[in-house]
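Following the working numbering, the numbering of the sequence shown begins with 11 at its first residue and continues without gaps.
All C-beta atoms, glycine included, are put in the ideal place defined by N, C-alpha and C.
Note that this is a predicted model, so its numbers are computed, not measured.
Since the structure comes first, as structure tokens, the remarks are kept for the end.
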Amino acid sequence: MPPSHAHICPHTYAHKHTFSHTLTHMPPYVQMHTHKDTRSCMYITLPCGSPFVFTRRRVLGITTGIHDLGSLRWELALCLLLAWIICYFCIWKGVKSTGKVVYFTATFPYLMLIILLVRGVTLPGASQGIVYYLKPDVQRLADPQVWMDAGTQIFFSFAICQGCLTALGSYNKYHNNCYRDCIALCILNSSTSFVAGFAVFSILGFMAQEQGVPISEVAESGPGLAFIAFPKAVTMMPLSQLWSCLFFLMLIFLGLDSQFVCVECLVTVSMDMFPRQLRKRGRRELLILAISIVCYLLGLLLVTEGGMYIFQLFDYYAASGICLLFLAMFEVSCVGWVYGANRFYDNVEDMIGYRPWPLIKICWLFLTPGLCLATFIFSLTKYVPLKYNNVYEYPQWGQAIGWLMALSSMVCVPLYFSIILGKTPGTFKQRLLQLTTPDPDLPQPKPRLDGVSQPGGLPSPSQEGFGAPGKETRL
């Protein structure tokens with residue numbers, strides 16, 4: 011549930027920005043230049059520009075701390091409601107209807123990325139930003155923190171250990187080439203990030219030249235980049251109101267894509283766990299409606315005047331790299347050592363018709379668990395308490411709430427194992443051995459001769475038991 015809020019909150023702000031731009035003759039953060047009240051510019055070390063003032067005061071109405079949540083921002087509450095309504099009607103009929111929607115919502119951001127890239131590289135000072143982007147700082151490679159940040163970013167970028175890929179993959183046909191899909195996903199994801207870097211740093215180079223400061227001082231990440239740095243760049247284009255609307259529409263589509271997947275994951279897991287109750291006519295729609303209502307009510311906390319402080323807790327703790335690394339350790343260990351890397355390797359061969367690169371088995375057994383464990387331990391030893399905008403320090407009880415959010419997902423693994431261990435008959439050693447041994451009734455792949463698949467393209471007998479009956483089989 012926390013990742014859903016982390017995805018829905020930013021594009022709620024994007025809804026607000028989009029409506030503001032549509033209903034005014036110029037972007038509202040440009041109008042802030044003429045506003046006499048500049049009290050928000052009194053925050054020391056914070057950027058004092060029109061987009062910053064507009065985002066902080068007009069959109070968020072942010073309070074002084076998490077202890078003061080203030081009142082509900084009704085505009086954001088309505089935008090949040092609209093976001094959940096759109097999400098509901100896009101996925102309520104299953105992955106077939108969702109796939110049709112994603113054809114547009116996934117391609118439109120690429121169009122906007124190209125537009126921003128072309129505009130960015132034509133700005134004065136863009137070359138300075140691109141050089142800063144491409145020139146490596148070799149000394150930073152010796153910093154373990156850099157490698158930890160890179161590793162956790164990969165987890166977020168590929169949605170690893172969030173259940174989304176597993177849930178969507180369960181709708182594929184048994185003989186779908188998952189190996190090819192994984193390689194294509196890695197190439198597409200990394201290429202998109204690399205190209206997006208040119209668009210971002212060309213604009214940051216221009217902003218640095220305009221303000222006469224180093225790029226490191228204007229570079230931001232997260233909400234600051236999306237709602238402060240980029241809006242300022244968009245206002246420099248002709249027809250700035252049009253491009254502002256398109257830019258924030260892009261953010262909405264990006265948020266919706268992530269939200270579709272998160273909700274679909276929760277729905278798929280629920281229906282697989284309780285098929286008799288939920289795989290009946292009309293039950294899926296009711297389940298999605300219930301999830302949407304509950305998530306909307308919980309999300310109202312994030313659209314109060316102090317909601318940004320709660321959002322940062324979700325982002326820093328509940329959906330943090332520490333949680334994902336912890337879960338990844340157990341997931342890959344179960345696949346490689348409990349289920350068996352050789353058995354899993356044979357299953358993949360049975361599905362795609364050939365044996366993947368053998369290095370994958372080494373990753374399952376040693377490389378991935380070792381790196382996850384090392385990164386997890388390092389992240390704990392180098393833990394730094396959360397600060398909002400690097401200025402506001404959260405109180406101790408706020409930090410405690412954050413750690414409870416993190417533990418809410420991590421504790422499920424040892425807790426569930428302890429419950430099952432207690433219910434299993436026999437001595438402790440017998441119970442442990444039974445729980446760490448694959449069930450002999452699990453379907454086995456049919457033996458192959460020299461890796462040649464079955465003649466005639468007949469489906470493998472081993473697929474029986476893998477597919478979930480009653481599921482759609484096409485994305």
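Fill in: Three-pair Cβ contact test at 8 Å for the stretch 78-98 versus the stretch 247-257
no
Discussion item. Helix, strand or coil, according to DSSP, for Y326 in the structure here?
Written reply: It is helical.
Worksheet entry | Where E85 sits in the DSSP three-state scheme | Judged by DSSP in its simplified three-state form, E85 adopts helix.
Discussion item. I need the straight-line Cα distance from G412 to Y327, nearest angstrom please.
Written reply: 5 Å
Practice prompt. Pull up the DSSP beta-bridge partners for T314, would you.
Written response: L82
Discussion item. If contacts are defined as beta-carbon pairs under 8 Å, then F165 and L334 qualify, I think. What distance do you get, rounded to the angstrom?
Written reply: 4 Å
Worksheet item: Where does Y143 sit, in a helix, a strand or coil, going by DSSP?
Response: helix
Fill in: Simplified DSSP assignment, three categories, for K242
Here K242 sits in helix by DSSP.
Worksheet item: Between the beta-carbon of I95 and the beta-carbon of S268, is there less than 9 Å?
Response: no
Worksheet item: Roughly how many angstroms lie between the CA atoms of I320 and L261, to the nearest whole one?
Response: 21 Å
Worksheet item: Going straight from the alpha carbon of T446 to that of L91, what length do you get?
Response: Going by the C-alpha atoms only, they are around 45 Å apart.
Item to complete: Could you tell me whether any Cβ in chain D is nearer than 9 Å to the Cβ of I125?
Response: Given the protein chain composition of this structure (a single chain), no chain D is represented.
Item to complete: Spell out the partners DSSP gives K397 in its beta bridges.
Response: Looking at the DSSP assignment, K397 forms a beta bridge with E403.
Discussion item. Can you tell me where the alpha helix (DSSP H) holding N199 begins and where it ends?
Written reply: Residues C188 to Q221.
Discussion item. Between the stretch 368-383 and the stretch 334-351, can you find at least three pairs of beta-carbon atoms closer than 8 Å?
Written reply: yes
Worksheet item: For F204 versus L127, is the C-beta spacing smaller than 9 Å?
Response: no
Worksheet item: Short check: CB of L431 to CB of R441, under 9 Å?
Response: yes
Item to complete: Tell me whether the beta-carbon of A169 lies closer than 9 Å to the beta-carbon of V313.
Response: no
Worksheet item: Between the C-alpha atoms of D78 and Y404, what's the straight-line distance to the nearest angstrom?
Response: 12 Å
Worksheet item: Ordered along the chain, which non-local residues of its own chain (more than five positions away) have a Cβ less than 7 Å from that of F336?
Response: Same-chain partners within the cutoff: F386 and M420.
Worksheet item: Under three-state DSSP, which class holds D153?
Response: coil
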